[in-house]
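Q:
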Amino acid sequence: MVWECQACGYVYNEKAANRQQRLEEKPLNSGGLPVNWKCPVCGVGREFFEEVSGRNS
Ligand SMILES: [Zn+2]
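130 is the number of the first residue of the sequence shown in our numbering; add one for each residue after it.
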């Protein structure tokens with residue numbers, strides 16, 4: 130799943146992130162951004178991210 134920050138356009142690729150994430154902390158929700166996710170570029174919360182579908186999976 131790929132998510133895009135509506136504030137700055139940063140793209141979060143869940144597949145790529147999971148490899149790191151698994152070692153640190155599991156997301157509490159399934160199939161989405163971690164509950165405490167913040168954009169690493171502009172710092173907004175997950176409510177600013179929207180799922181991007183129909184692009185590269
Ligand atoms: Zn952002």
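Glycine included, C-beta positions come from ideal geometry on N, C-alpha and C.
Take the Cβ of Cys171 as the centre, count every other Cβ of all protein chains shown within 10 Å, and call the residue buried at 16 or more, exposed below.
A: Position 42 of the sequence shown holds residue 171. With fewer than 16 Cβ atoms within 10 Å of its Cβ, Cys171 is classed as exposed.
Q: Would you decide whether Cys137 is buried or exposed? Buried here means 16 or more other CB atoms lie within 10 Å of its CB.
A: Here residue 137 refers to the residue found at position 8 when the sequence shown is read from its first residue. Exposed.
Q: Just the C-alpha distance for Gln76 and Phe177, rounded to the nearest angstrom, thanks.
A: Past the edges of the chain, shown from 130 to 186, lies residue 76, and the structure says nothing about it.
Q: Taking 6 angstroms as the cut-off, is the C-beta of Ala136 nearer than that to any heavy atom in ligand 1?
A: Position 7 of the sequence shown, counting from 1, holds the residue named residue 136. Yes; taking the cut-off as 6 angstroms, the Cβ of Ala136 has a heavy atom of ligand 1 nearer than that.
Q: Please look up how many angstroms separate the CB atoms of Tyr139 and Pro169, rounded, as I've assumed it's under 8 angstroms.
A: To locate residue 139, count along the sequence shown from 1; it is residue 10. To locate residue 169, count along the sequence shown from 1; it is residue 40. At roughly 7 angstroms, the Cβ-Cβ gap stays under 8 angstroms, so Tyr139 and Pro169 are in contact.
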